[in-house]
Amino acid sequence: MLVLTWGESIEAYWKMMQSGNYEEAAAKVEAYLNEGKRVTEEERAEGEDLIMKALTCQEMKKRAKDVKLIDSIKVKRENMVEVCNMVMGGSSMKLSE
Numbered sequence: 479m480l481v482l483t484w485g486e487s488i489e490a491y492w493k494m495m496q497s498g499n500y501e502e503a504a505a506k507v508e509a510y511l512n513e514g515k516r517v518t519e520e521e522r523a524e525g526e527d528l529i530m531k532a533l534t535c536q537e538m539k540k541r542a543k544d545v546k547l548i549d550s551i552k553v554k555r556e557n558m559v560e561v562c563n564m565v566m567g568g569s570s571m572k573l574s575e
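Those letters in the sequence shown? Residues 479 to 575, by our numbering.
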């Protein structure tokens, strides 16, 4: 089994985080912390923080539904009714045709 240094573990963690492999990222750091060699208090604190971040991202990924991008336009208050219509039964506004 390949044993990584702390720096290599962190580098692998960030690569996994960027690719969306949050559970694997957390597991990589956890494996380093638990492999039995001497881990500094600073490494342990940083590692536990990174694990929490990865698991939080994983949970957010599970709960994400639809993402809507909304652009903004500037309209004078008196022209608002001409530009926007309320969506019936909702609390959002949409642009009129």
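Backbone N, C-alpha and C define an ideal beta-carbon position, used for all residues, glycine too. All values reported here derive from a predicted model rather than from experimental measurement.
Residue environment, residue i, which counts as buried when at least 16 other CB atoms sit within 10 Å
| i | result |
| --- | --- |
| serine 550 | exposed |
| arginine 516 | exposed |
| glycine 525 | buried |
| alanine 509 | exposed |
| serine 497 | exposed |
| alanine 542 | exposed |
| arginine 522 | exposed |
Distance CB(residue i)-CB(residue j) smaller than 8 Å
| i | j | result |
| --- | --- | --- |
| leucine 584 | valine 553 | In the structure displayed, the chain extends from 479 to 575; residue 584 sits before or after that span and is not available. |
Opening and closing residue of the alpha helix (DSSP H) in which residue i lies
| i | result |
| --- | --- |
| glutamate 486 | 484 to 496 |
| asparagine 512 | 500 to 512 |
Selected residue, minimal CA-CA separation from residue i, among the options
| i | options | result |
| --- | --- | --- |
| leucine 585 | Leu533, Ile488, Cys535 | Residue 585 cannot be examined here, being either before or after the span of the chain that is shown, 479 to 575. |
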